[in-house]
Amino acid sequence: MEIRTRFDYGKIPYGKDFTVRMMIEMEEQARDTGVRKPLNIGLVLDRSGSMGGMKLHNVKEAAKHFIGQLADEDIVSLTVFDDEILTIAGPTPAGRIPFLNEKIDSIEHRGRTFLSGGYEQGCAYVAERMGSHYISRVILLTDGLANVGVQNPGALAEMASFMRIRGITTTTIGVGSDYDEMLLGNMSEKGGGNAYFIEKPTDAVEVFAEEVGYLTSLSATECTVKLEPAKHQLAYDQLNSYAVLDDGTWLVGDLYSGQKRSLLLEMKLPAIKTSGSVELGRIIVTYRDAVEHETTPKTIHHPIEIEVVTKAAFKSVKPDTTVLSESSILMMAKAKAEAITLGDHRRFDEAAALLERVAATVEKLGLADSRVRMFVEELRNLALRFRTQRDEYYTAHNRKRMYHDSNMIRMNRVESYESMITRRNRST
Amino acid sequence: MSRTYTISELESLTGIRRRTIHFYTQQGLLPTPTGAGGSARYGEEHILRLKLIREMQTSHLKLSGIREALDAMSIEEMRGIAGKTGGSNITWDSRSIERWVSHTSPDKDTVLVQGSDPGYVVERIEAPETTEEQESFSFLDALDRARSRERIHGTDTLKNQHPGHRRDLPLGDTAQWERIHLRDGIELHVRSDRYHRNQRAIGRLVEFCKKLF
Chain A
3 MEIRTRFDYG
13 KIPYGKDFTV
23 RMMIEMEEQA
33 RDTGVRKPLN
43 IGLVLDRSGS
53 MGGMKLHNVK
63 EAAKHFIGQL
73 ADEDIVSLTV
83 FDDEILTIAG
93 PTPAGRIPFL
103 NEKIDSIEHR
113 GRTFLSGGYE
123 QGCAYVAERM
133 GSHYISRVIL
143 LTDGLANVGV
153 QNPGALAEMA
163 SFMRIRGITT
173 TTIGVGSDYD
183 EMLLGNMSEK
193 GGGNAYFIEK
203 PTDAVEVFAE
213 EVGYLTSLSA
223 TECTVKLEPA
233 KHQLAYDQLN
243 SYAVLDDGTW
253 LVGDLYSGQK
263 RSLLLEMKLP
273 AIKTSGSVEL
283 GRIIVTYRDA
293 VEHETTPKTI
303 HHPIEIEVVT
313 KAAFKSVKPD
323 TTVLSESSIL
333 MMAKAKAEAI
343 TLGDHRRFDE
353 AAALLERVAA
363 TVEKLGLADS
373 RVRMFVEELR
383 NLALRFRTQR
393 DEYYTAHNRK
403 RMYHDSNMIR
413 MNRVESYESM
423 ITRRNRST
Chain B
61 MSRTYTISEL
71 ESLTGIRRRT
81 IHFYTQQGLL
91 PTPTGAGGSA
101 RYGEEHILRL
111 KLIREMQTSH
121 LKLSGIREAL
131 DAMSIEEMRG
141 IAGKTGGSNI
151 TWDSRSIERW
161 VSHTSPDKDT
171 VLVQGSDPGY
181 VVERIEAPET
191 TEEQESFSFL
201 DALDRARSRE
211 RIHGTDTLKN
221 QHPGHRRDLP
231 LGDTAQWERI
241 HLRDGIELHV
251 RSDRYHRNQR
261 AIGRLVEFCK
271 KLF
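In order, the protein sequence lines correspond to chains A and B. Counting from 1 along the first sequence, just add 2 to a position and that's the residue number in the working numbering. Counting from 1 along the second sequence, just add 60 to a position and that's the residue number in the working numbering.
See below:
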C-alpha cells in the first residue's frame, strides 16, 4: 500500500496559529494476478411479509447471481428470516450447494422481522469457517424495521462492531422506503463493510454484483489510520465520518485492487516559531493483506512535515485546490446530514437556511472544481425543496437518498456513490 | 541546552511584574512557559519579547498591534532589535510595525490585519494570493457557526411549523454521546463529535475532575 499526504497549505506563516487540511491518501496498486484469499460469506435475507412481490423475486435472483459469481473455494451460507430463522444452506463451498436455485426459489414471504436473529445466525455460520486465510463477511438485507428480538439500533451496531473485532465484517443492504437507514448505516460503519440502498427492486442484481465485485478484488482489509502528533497543542478532527475506535483510530475499512481511499483531517496548528521544515507528527496505517496468507497486520509509519515560512513568503503560497475541493465536498455532505436531523424535527426552514449558508460559504472559496459546483447547486436545490415542498419533499424515500448520498461521500466510497447515482438517474 | 528562568528571575531581569507577565501570556504576547505553576520556566524569547513590548508601549501602541509585530519576527530578529533598543534610534510607530507585519516587503505591499482593534491602520495596496480569510478558515468551525445560527434563529422559523410540532426539541437529541466514568457516581458526557475533536483537552479535563473527587 502506498501512503501519501498533502496539505491545502503545505507552507504556513511563521509564528501564527493556522488551520490546514491534510489529505491522507491510501492506494493499493492494481494486482492482475487473479490470486486472492477465498471468501467466507454469510448471506442473510429478510423474507418478512413486506418483502412480498417484486422485492423478494428480485432479491432471490440477485442472491443466485451473487453466489454464481463466487469461486469454488469460496464458502457461502444462506439464511432467511421473518420472525423465525431458516437455513437455506449452511456453510458450503460455493457451487457445491445442492439444488441451490430450487431452494432459493422456494423462499416465500411471511411473518415479522427478526433481524437480530437472522444476523446472528449468519455470523455463526461464518464463524464456523473463519480464519486468517479467509475474508469473512456477513451481508444483511432487509426492507423493514426490526420488530422481533434485539431492536435497539445502538445494540445492533455494537453487535456488528463486536463481529468486526472477531474478524467478520458486515455489509448492509436496505430495500425500498421502510427500512431504518440509520440502523443499517451504523451497522456497516461499525461493522467495517459497505451500505447499499436498493431504491427499486430491479436494482437488486446490480447491487449484489457490485458487492461481489469488491469482495473478489479486495487487496487490503481492516485498514485503519491513526495520527500521533508531535505537538501536544495540535487540535484535529476528520472531515470524513469514518468510525472512530476507542483510541482515536479511524476505521477506513477495505481497499480493493487499484483503489485509492482518503481521509481528510482538519488541523489547527499552534503558532510555530521555527523556520523551515517542521515535524508535526506521524500517521500510522495498519491493514491486512487480502492476497497474502499472512496472519499479522501490516503497519506503515508515515511522517508528517510542514514548512514554516515568513509572512512575506507566505503571501505567494497558493493552496492545493484538490484538498480544498475535497474538504468543501465533505463539508457539504456533513451539512446534508445535519439537514436530515432538522428535517426529522420538521424544521424545514432551518434546514434550508443551513444548506444555503454552507453553499454560500463554499462558493466564497471560489473553487473552479466542477464537482464542487455540482454539489453547491445540489445543496441549493435541496434547500429550495425544503422551503417550498416541505413534507411533500421530505419523504422516507428522499430521506434515504439524502442519507446515503451524504454517507457515501463522507465514507469516501466514491465508486459506490457514482454507481448509485447512475442507477437513480437511469430510473428517472 | 538554553538557560531557563523562573517567574521571579524573569521579573528581576525585565523589571516587569509577574501579574503583568501572566496577563501578556493570556493575551498571546508571550508564549506559554514550559511547565505549570511553580515549576513554570521561561526562556530567552520571553525576555526579548518583554523588552520589545516595553519599547513599543512607549510609542503608545496597542497590545494587539504589538502582538502582530512580535509574531512576525523570528528570534534572531528580536535579538537584533532588542540589542539596539534602550537609547537606539528605532521609533516604534505604526509604520515600523506595519513593516514587520508585512515583513519589510520591498514594494511596500502591505497586509490587512484582522481584529476588532488592531492598534494601527494598514492599507492594502494589492490583494495577496492568500487572503486573511483563507488563512483563518476552518471548515468545521464554519459548519459549527451555521449550526449555532440555526439554534439562535430557530424560534422565529418555528412559527411556520405545524401546530403539533415540538418547539423545544433540541437539535442534537439524536447525536451520539461519549460517557466518561470519573468516580463512583460521577460521569462526564461529551457529544461524540466534540469528544473526538478535543480529545486532548477533554483528557486534561478528566484528569482535573478526577483530582477534585
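Glycine is no exception: its CB is placed at the ideal position from the N, C-alpha and C atoms. This one's a predicted model, so the numbers in the text were calculated from it and none came from an experiment.
Paired residues, beta bridge with residue i - DSSP
{"i": "A:V287", "result": "A:V227 and A:I302"}
{"i": "A:M28", "result": "A:I5 and A:R263"}
{"i": "A:Q240", "result": "A:L267"}
{"i": "A:V280", "result": "A:I308"}
{"i": "B:G247", "result": "First, the amino acid is wrong: residue 247 of chain B is Glu here, not Gly. DSSP, once it has assigned bridges, lists B:H241 as partnering B:E247."}
{"i": "A:P15", "result": "A:V311"}
{"i": "A:S138", "result": "A:N42 and A:I170"}
{"i": "B:R101", "result": "B:T94"}
Boundaries of the beta strand (DSSP E) in which residue i is found, first to last residue
{"i": "A:Y121", "result": "Unbroken run through A:Y121 is the alpha helix (DSSP H), L117 to R131; no beta strand (DSSP E)."}
{"i": "B:G95", "result": "Segment: none, B:G95 is in no beta strand (DSSP E) and carries neither H nor E."}
{"i": "A:I77", "result": "I77 to F83"}
{"i": "A:G195", "result": "G194 to I200"}
{"i": "A:L257", "result": "W252 to Y258"}
Same chain only: Cβ atoms within 7 Å of residue i, ignoring 5 sequence neighbours per side
{"i": "B:L130", "result": "L89, R109 and L112"}
{"i": "A:E340", "result": "L356"}
{"i": "A:G55", "result": "none"}
{"i": "B:H241", "result": "E247"}
{"i": "A:A232", "result": "E281, L282 and G283"}
{"i": "B:L229", "result": "Residue placement at B:L229 is flagged as unreliable, the pLDDT there being 32, under the threshold of 50; the coordinate-derived value follows with that caveat. Once the five neighbours on either side are set aside, B:L229 has no close Cβ partner at all."}
Proximal residues to residue i (C-beta, below 6 Å), its chain only, five neighbours per side dropped
{"i": "A:A237", "result": "K270"}
{"i": "A:A361", "result": "V378, L381 and R382"}
{"i": "A:M385", "result": "Residue identity check: residue 385 of chain A is Ala in the sequence provided, not Met. Contacts found: A354, L357 and E358."}
{"i": "A:Y395", "result": "R387"}
{"i": "A:A245", "result": "E191, K192 and L253"}
{"i": "A:A159", "result": "N188, M189 and K192"}
{"i": "A:L147", "result": "D182"}
{"i": "B:I76", "result": "L110"}
{"i": "A:N42", "result": "I77, V128, R131, M132, Y136 and S138"}
{"i": "A:G124", "result": "G44, V46, T81 and V140"}
{"i": "A:L267", "result": "M24, Y238 and Q240"}
{"i": "A:D256", "result": "L220 and T223"}
Listed by chain order, chain A residues near residue i by CB distance under 8 Å
{"i": "B:R207", "result": "E340 and L356"}
{"i": "B:Q259", "result": "G250"}
{"i": "B:S62", "result": "Going along chain A, no residue has its Cβ under 8 Å from B:S62, so there is no contact; the nearest lies around 13 Å."}
{"i": "B:I135", "result": "K275"}
Own chain partners of residue i with C-beta closer than 8 Å, once the 5 adjacent residues on each side are dropped
{"i": "A:H135", "result": "K39, P40 and H295"}
{"i": "B:Q194", "result": "Any reading at B:Q194 must be qualified, since the residue scores a pLDDT of 45, below 50, and its modelled position is unreliable; the value itself is stated next. Once the five neighbours on either side are set aside, B:Q194 has no close Cβ partner at all."}
{"i": "A:K13", "result": "I308, E309, V310, V311, A315, F316 and V319"}
{"i": "A:K66", "result": "L102, N103 and I106"}
{"i": "B:E73", "result": "A small fix is needed here, since residue 73 of chain B is Leu in this sequence, not Glu. The residues are Y65 and I107."}
{"i": "A:K338", "result": "L357, L381, L384, M404, D407 and S408"}
{"i": "A:D145", "result": "D48, S50, S52, M53, K57, G176, V177, G178, D180 and Y181"}
Under 8 Å from the C-beta of residue i: neighbouring residues of chain B
{"i": "A:A337", "result": "L203 and A206"}
{"i": "A:R375", "result": "By Cβ distance, chain B contributes nothing, its closest Cβ being about 17 Å from A:R375, past 8 Å."}
{"i": "A:V360", "result": "A202, L203 and A206"}
{"i": "A:S329", "result": "F199"}
Span of the alpha helix (DSSP H), counted from its first residue to its last, around residue i
{"i": "A:A273", "result": "Counting along the chain, A:A273 falls outside any alpha helix (DSSP H), and DSSP gives it neither H nor E."}
{"i": "A:A211", "result": "A206 to L217"}
{"i": "A:A314", "result": "K313 to F316"}
{"i": "A:T94", "result": "Run containing A:T94: none in the alpha helix (DSSP H); it sits in the beta strand (DSSP E), I87 to P95."}
{"i": "A:G70", "result": "M56 to G70"}
{"i": "B:L70", "result": "I67 to T74"}
{"i": "A:D407", "result": "A398 to R412"}
{"i": "A:V360", "result": "F350 to K366"}
{"i": "A:S330", "result": "T323 to D346"}
{"i": "A:V374", "result": "S372 to T390"}
{"i": "B:Q117", "result": "E104 to Q117"}
{"i": "B:A129", "result": "L123 to D131"}
Per-residue contacts from residue i into chain A (C-beta, under 7 Å)
{"i": "B:D131", "result": "G17, K18 and A273"}
{"i": "B:F197", "result": "T21"}
{"i": "B:I240", "result": "Here the premise fails: no neighbours, minimum Cβ distance about 12 Å."}
Proximal chain B residues relative to residue i, where beta-carbon distance stays under 7 Å
{"i": "A:T363", "result": "A202"}
Within chain B, the residues that residue i reaches when beta carbons sit closer than 9 Å
{"i": "A:M333", "result": "F199, L200, A202 and L203"}
Legend entry - Interfacial residues, the region 257-286 of chain A to chain B, with Cβ spacing under 8 Å: E268, K270, A273, K275 and S277
Inset, instruction - Pull out every residue of the region 146-164 of chain A whose Cβ sits closer than 7 Å to any Cβ of chain B, in chain order. - result: none
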